[in-house]
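*Asks:* One structure, pasted below without further comment.
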Amino acid sequence: MTIGFDKVRMEYGTQLALDDLTLTLASRELTVLVGPSGSGKSTLLRTVNHLVVPTSGSVTLDGQRVDSFRPEELRRGIGYGIQSVGLFPHHTVGRNIAAVPSLLKWSRSRIAARVEELLVLVGLDPARYRDRYPHELSGGEAQRVGVARALAADPPILLLDEPFSAVDPVTRLRLQGEFLSIQKTLHKTVVFVTHDVDEAIRLADKIVLLDQGRVVQYGTPEFLLDHPATPFAAKFLGADRALKRLSRMTVAEISVPAPQAVLEEVGLGPLEGVGRFVWIVDSGGKLLGNLDVSLLGPGVDPQVHMVPAAGDLAVSPQASLREALSIMVGAGVRSLAVTDQVGSLTGEVRLVDIERVGRHLSSGVEAAP
Amino acid sequence: MNRGIWAAGAWTLVLAVVVFDPTLLEAFLRMLFPSQSPLLYPRDDLASLTLEHLGLVLTSSALAALTGVGVGIAVSRPWGALFRPLGDRLAALGQTFPPAAVLALTIPFLGFGFGPTVLGLWLYGTLPVLRGTLTGLAQVSPAVLDAGRGLGFGPWGLFVTVEGPLALPYLWSGLRSSVVVNVGTAALGATVGAGGLGAPIVSGLVTQNYSFLLEGAITSGLLALAVDAWFGVLTFTSSSARPTSQRPRRPGRAPRRKASPPASSRETRSPAPL
């Protein structure tokens with residue numbers, strides 16, 4: 029469902045929260061509203077379900093003005109989740125999730141089935157969690173229930189206002205990952221507010237960068253990182269934009285075939301088609317380590333000189349380039365082996381390639397300010 | 032919860048024994064005041080005095096509950112927000128104002144008897160209920176209300192499902208102290224001729240018959256303990272204990288009646304101590 033904002037203006041007394049903001053959010057995309065506090069991102073989000081009534085301008089859903097609906101009915105068709113979750117403390121988890129379906133007068137059995145389905149979707153065991161009360165949940169569990177409650181009536185639109193910012197960083201990363209995979213299957217039109225640039229970059233299909241009630245820039249995270257429109261955008265996205273850009277790319281995207289040799293065959297003859305360093309695998313293709321070929325000589329046991337690949341020389345294909353670069357810097361190496369789950373060598377990722385990608389990306393950055 | 036029922040039942044039984052079999056109380060008073068005669072207030076028997084007393088308390092507390100809860104809810108709504116500071120100040124004023132003063136102030140307008148006493152008790156009893164209602168509604172987390180609104184609850188639905196139940200424990204304890212204090216304060220009604228258990232007390236003071244005084248004091252004390260214990264049977268905690276403990280006690284009540292639970296539940300409960 030397309031969300032349109034047309035010259036939306038919101039004044040609180042003399043304070044201007046939204047300044048004639050015009051913007052169209054694409055259907056079935058995850059759009060992240062990001063900006064410093066006071067930039068109007070939460071206010072903008074809340075105009076969509078009419079919790080905030082703009083001073084002037086219009087907000088439309090597929091061309092229909094939101095103020096043409098009864099507010100309660102509008103909101104029942106839009107999922108809503110907030111930072112402090114706002115679970116009803118006197119209702120069980122199950123009853124909290126059932127809030128909107130109950131308002132919509134679904135049958136008992138349909139509600140029960142839906143609650144079960146949603147708890148599974150957000151990774152909570154229905155049998156264990158359905159009858160708990162909110163005060164018996166950890167922060168992360170409460171957030172999951174909050175997301176489940178927002179999804180309960182299967183609304184086409186989901187509004188999430190900093191839903192993961194009240195939990196610890198580790199839990200937040202996990203929740204973000206889980207939410208991404210949920211979104212991959214559900215394809216809701218999601219509007220997601222955060223002040224955390226990394227979260228925005230991680231989750232967004234499109235980012236809306238807001239400042240003082242105005243849209244500074246709208247586009248894919250890659251585009252914003254490559255071409256920040258203003259000095260403010262460049263500053264807000266951070267001096268480490270190139271690194272952040274790398275975090276959107278995976279090792280698999282730039283990995284190349286690895287020069288490799290089977291351990292048993294090393295030393296039997298000259299190694300063909302490899303440079304100074306070669307990855308050593310066993311006969312099954314499993315990565316063993318890295319070998320400096322120049323150290324080899326007649327009668328030298330290759331195993332003596334082989335650096336074993338104890339975790340810090342290999343990455344998974346799904347790892348981000350940022351992680352790969354970090355490992356290289358930390359270990360002081362110029363390439364990493366790419367291995368699958370069982371440890372088989374599938375390729376290598378080289379520092380030169382990361383640098384090439386990074387240079388290419390940052391050329392746009394230089395041009396902008 | 033079950034212990035609460037036992038306590039309430041026990042106090043009620045003691046009260047009933049004292050009221051309906053005055054010989055026991057008389058024997059006890061004779062031990063204290065062997066030379067005193069008569070030992071018991073002669074003009075009215077204890078049962079009708081207690082009934083009169085309860086009549087005063089029930090009437091005034093019902094009115095106090097309705098006004099306190101009503102005003103508390105009204106000033107907490109957006110349309111009543113203008114009067115919110117006034118409500119807060121009234122609620123705070125409550126405990127600084129002696130009930131005798133309220134009675135004294137009402138006599139010039141209503142004269143002596145049942146009317147001015149009920150009015151005095153009503154006004155005095157409203158304030159704790161108002162205070163409890165305001166506190167209860169104010170402590171509901173704004174995030175919970177925002178989430179409720181965002182999910183699509185209308186103002187009425189939000190009140191009935193979220194605000195009301197979450198405010199209930201505070202409201203209930205306000206009502207409880209209001210009624211219990213009223214049981215004691217109602218004795219003052221005797222000074223303006225409203226009868227009740229204050230009658231033997233006042234008469235005892237005037238005639239220096241401390242046996243009369245104790246008769247009234249013991250009985251109204253027992254009444255207060257019994258009423259308080261019955262309130263304790265229904266304790267509301269805002270989270271886990273409530274739904275399971277509450278459901279079987281209030282069968283067949285339509286959800287919308289939850290808006291004024293104290294008045295209705297007190298009316299259904301209070302006859303029990305008799």
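Taken in order, these protein sequences are the chains called A and B. Position one of the first sequence corresponds to residue 29 (the working numbering), numbered consecutively onward. Position one of the second sequence corresponds to residue 32 (the working numbering), numbered consecutively onward. Even glycine gets a Cβ: it sits at the ideal position worked out from N, Cα and C.
Taking 8 Å as the threshold (beta carbon to beta carbon), is S112 (chain A) in contact with chain B?
*Replies:* Start at 1 with the first residue of the first sequence, and residue 112 (chain A) comes out as number 84. Yes - at least one Cβ of chain B is within 8 Å of the one on S112 (chain A).
*Asks:* Could you check how far apart the C-beta atoms of V60 (chain A) and F220 (chain A) are, in whole angstroms? I think they sit under 8 Å.
*Replies:* Translated into the one-based positions of the first sequence, residue 60 (chain A) becomes position 32. Translated into the one-based positions of the first sequence, residue 220 (chain A) becomes position 192. At roughly 5 Å, the Cβ-Cβ gap stays under 8 Å, so V60 (chain A) and F220 (chain A) are in contact.
*Asks:* How close, in whole Å, do the beta carbons of A217 (chain B) and G205 (chain B) come, if the pair is a contact with beta carbons under 8 Å?
*Replies:* On the second sequence, residue 217 (chain B) is found 186 positions in, with the first residue counted as 1. On the second sequence, residue 205 (chain B) is found 174 positions in, with the first residue counted as 1. So it is not a contact: roughly 18 Å between Cβ atoms.
*Asks:* Give a yes or no on whether the C-beta atoms belonging to L254 (chain B) and V193 (chain B) are separated by under 8 Å.
*Replies:* To locate residue 254 (chain B), count along the second sequence from 1; it is residue 223. To locate residue 193 (chain B), count along the second sequence from 1; it is residue 162. Not in contact: L254 (chain B) and V193 (chain B) (Cβ atoms no closer than 8 Å).
*Asks:* Starting from G109 (chain A) and walking both ways along the beta strand (DSSP E), at which residues does that stretch end?
*Replies:* Start at 1 with the first residue of the first sequence, and residue 109 (chain A) comes out as number 81. Taken as a continuous stretch (DSSP letters only), the beta strand (DSSP E) holding G109 (chain A) covers I106 to I110.
*Asks:* If we cut at 8 Å on Cβ distances, does L182 (chain B) have a partner in chain A?
*Replies:* The residue given as residue 182 (chain B) occupies position 151 in the second sequence. Taking Cβ atoms only, chain A reaches closer than 8 Å to L182 (chain B), which makes this a yes.
*Asks:* Run down chain B in chain order and give the residues with a C-beta less than 8 Å from the C-beta of L131 (chain A).
*Replies:* On the first sequence, position 103 is the one that residue 131 (chain A) refers to. In chain order: L182, G183, F184 and G188.
*Asks:* Whose CA, out of A:E169, A:P64 and A:L341, lies closest to the CA of I125 (chain A)?
*Replies:* Looking up residue 125 (chain A) in the first sequence gives position 97. I125 (chain A) has its Cα closest to that of A:E169, out of A:E169, A:P64 and A:L341.
*Asks:* As a quick exercise: from A:P249, A:V148, A:F264 and A:A359, pick the residue whose alpha carbon is nearest that of I210 (chain A).
*Replies:* Taking the first residue of the first sequence as 1, we reach residue 210 (chain A) at position 182. Comparing Cα-Cα distances from I210 (chain A) to each of A:P249, A:V148, A:F264 and A:A359, the minimum goes to A:V148.
*Asks:* Classify H163 (chain A) as buried or exposed, calling it buried when 16 or more other Cβ atoms lie within 10 Å of its own Cβ.
*Replies:* Counting from 1 along the first sequence, the entry for residue 163 (chain A) is found at position 135. H163 (chain A) is exposed by the Cβ-count criterion.
*Asks:* Quick one, which residues of the region 189 to 220 of chain B are near chain A if we go by CB-CB under 7 Å, in chain order?
*Replies:* Of all residues in the region 189 to 220 of chain B, V193, P196 and L197 have a Cβ within less than 7 Å of some Cβ in chain A.
*Asks:* If you compare alpha carbons, which of A:A267, A:I31, A:G371 and A:T50 is closest to R37 (chain A)?
*Replies:* The residue you call residue 37 (chain A) lines up with position 9 of the first sequence. Considering only alpha carbons, the answer is A:T50.
*Asks:* Out of B:R162, B:S172, B:P53 and B:A132, state which residue places its alpha-carbon closest to the alpha-carbon of G103 (chain B).
*Replies:* What you label residue 103 (chain B) is simply residue 72 of the second sequence in a count that begins at 1. With distances taken between Cα atoms, G103 (chain B) lies closest to B:R162.
*Asks:* Distance cutoff 8 Å, beta carbons only. Does A178 (chain B) sit that close to anything in chain A?
*Replies:* Position 147 of the second sequence holds residue 178 (chain B). Taking Cβ atoms only, chain A reaches closer than 8 Å to A178 (chain B), which makes this a yes.
*Asks:* Roughly how far, in whole angstroms, is the beta-carbon of L238 (chain A) from the beta-carbon of Y108 (chain A), given that I think they are within contact range, below 8 Å?
*Replies:* Stepping through the first sequence from its first residue, residue 238 (chain A) is reached at position 210. Stepping through the first sequence from its first residue, residue 108 (chain A) is reached at position 80. Between Y108 (chain A) and L238 (chain A) the Cβ distance is about 20 Å, and since that is not below 8 Å, they are no contact.
*Asks:* What residue range does the beta strand (DSSP E) around D239 (chain A) cover?
*Replies:* For the purposes of this step, residue 239 (chain A) is taken as residue 211 along the first sequence, with counting starting at 1. Here the beta strand (DSSP E) through D239 (chain A) covers K234 to D239.
*Asks:* Quick one: measure Cβ to Cβ for T367 (chain A) and S344 (chain A), integer angstroms, because I've assumed they're closer than 8 Å.
*Replies:* The residue you call residue 367 (chain A) lines up with position 339 of the first sequence. The residue you call residue 344 (chain A) lines up with position 316 of the first sequence. That belief holds up - the Cβ atoms of T367 (chain A) and S344 (chain A) are roughly 7 Å apart, short of 8 Å.
*Asks:* To which residues of the same chain is V50 (chain B) closer than 8 Å at the C-beta, ignoring the five residues directly before and after it?
*Replies:* Taking the first residue of the second sequence as position 1, residue 50 (chain B) is located at position 19. So the qualifying residues of the chain are L77, A78, T81 and T250.
*Asks:* In chain order, what residues of the same chain lie with their CB nearer than 7 Å to the CB of V306 (chain A), ignoring the 5 residues before and after it?
*Replies:* Here residue 306 (chain A) refers to the residue found at position 278 when the first sequence is read from its first residue. Excluding residues within five positions, the ones whose Cβ falls inside 7 Å are P287, Q288, A289, L299, L319 and V321.
*Asks:* Using a beta-carbon distance below 8 Å, is R79 (chain A) in contact with chain B?
*Replies:* Residue numbering aside, residue 79 (chain A) sits at position 51 when the first sequence is read from its first letter. It should be pointed out that residue 79 (chain A) corresponds to Leu in this sequence rather than to Arg. True, the Cβ-Cβ gap to chain B drops below 8 Å.
*Asks:* Relative to the alpha-carbon of L87 (chain B), which residue among B:G188, B:S242 and B:G156 has its alpha-carbon at the smallest distance?
*Replies:* Counted from its first residue, the second sequence places residue 87 (chain B) at position 56. Considering only alpha carbons, the answer is B:G156.
*Asks:* Does chain B have any CB closer than 8 Å to the CB of A126 (chain A)?
*Replies:* Here residue 126 (chain A) refers to the residue found at position 98 when the first sequence is read from its first residue. So no, A126 (chain A) is outside the interface.
*Asks:* Run down chain B in chain order and give the residues with a C-beta less than 9 Å from the C-beta of H255 (chain A).
*Replies:* The residue you call residue 255 (chain A) lines up with position 227 of the first sequence. In chain order: nothing, as chain B lies at least about 35 Å away.
*Asks:* Give me the Cα-Cα distance between V361 (chain A) and Q204 (chain A), rounded to the nearest whole angstrom.
*Replies:* Locating residue 361 (chain A) in the first sequence gives position 333, counting from the first residue. Locating residue 204 (chain A) in the first sequence gives position 176, counting from the first residue. Near 31 Å, if we compare the C-alpha coordinates of Q204 (chain A) and V361 (chain A).
*Asks:* Please return the same chain residues whose Cβ sits closer than 7 Å to the Cβ of D119 (chain B), not counting the five positions on each side in sequence.
*Replies:* If you number the second sequence from 1, residue 119 (chain B) lands on position 88. Contacts found: L165.
*Asks:* Q245 (chain A) by DSSP, collapsed to three states: which one?
*Replies:* Taking the first residue of the first sequence as 1, we reach residue 245 (chain A) at position 217. Strand at Q245 (chain A).
*Asks:* Taking Cβ positions, are G386 (chain A) and L315 (chain A) nearer each other than 8 Å?
*Replies:* Translated into the one-based positions of the first sequence, residue 386 (chain A) becomes position 358. Translated into the one-based positions of the first sequence, residue 315 (chain A) becomes position 287. No; because the gap between Cβ atoms is not below 8 Å, this pair is not in contact.
*Asks:* Would you say Y40 (chain A) faces chain B, with C-beta separation under 8 Å as the test?
*Replies:* One-based indexing of the first sequence puts residue 40 (chain A) at position 12. Not closer than 8 Å to any Cβ of chain B, the Cβ of Y40 (chain A) fails to qualify, so no.
*Asks:* Please name the residue in A:G105, A:D254, A:L53 and A:T75 whose C-alpha comes closest to that of L46 (chain A).
*Replies:* Along the first sequence, one-based indexing puts residue 46 (chain A) at 18. Answer by Cα proximity: A:T75.
*Asks:* Between E383 (chain A) and chain B, is any beta-carbon pair separated by less than 8 Å?
*Replies:* In the first sequence, counting from the first residue as 1, residue 383 (chain A) sits at position 355. It does not: the Cβ of E383 (chain A) has no partner Cβ on chain B nearer than 8 Å.
*Asks:* Name the chain A residues whose beta carbon is nearer than 8 Å to that of A169 (chain B)?
*Replies:* Taking the first residue of the second sequence as position 1, residue 169 (chain B) is located at position 138. None at all; the shortest Cβ gap to chain A is about 15 Å.
*Asks:* Does the region 164 to 180 of chain B touch the region 256 to 265 of chain B, meaning 3 or more C-beta pairs lie closer than 8 Å?
*Replies:* Not touching, per the Cβ criterion.
*Asks:* So that I know if they touch, is there some Cβ in chain B lying closer than 8 Å to that of P397 (chain A)?
*Replies:* Residue mapping note: residue 397 (chain A) aligns to position 369 of the first sequence, counting from 1. Because the pLDDT at P397 (chain A) is just 32, under 50, the model does not fix this residue reliably, and the value given afterwards should be weighed accordingly. Taking Cβ atoms only, chain B never reaches closer than 8 Å to P397 (chain A), which makes this a no.
*Asks:* Which ranges does the alpha helix (DSSP H) cover as unbroken runs of at least 4 residues, wholly within the region 72 to 108 of chain B, from first to last along the chain?
*Replies:* Here the runs fully enclosed are 77 to 107.
*Asks:* Can you give me the start and stop residues for the beta strand (DSSP E) that G375 (chain A) sits inside?
*Replies:* The sequence position of residue 375 (chain A) within the first sequence is 347, counting from 1. Its beta strand (DSSP E) spans residues L373 to R378.
*Asks:* Residues in its own chain within less than 6 Å of R378 (chain A) by CB, not counting five upstream and five downstream?
*Replies:* Indexing the first sequence from 1 puts residue 378 (chain A) at position 350. For R378 (chain A), where only same-chain residues beyond five positions count, the Cβ hits under 6 Å are S363.
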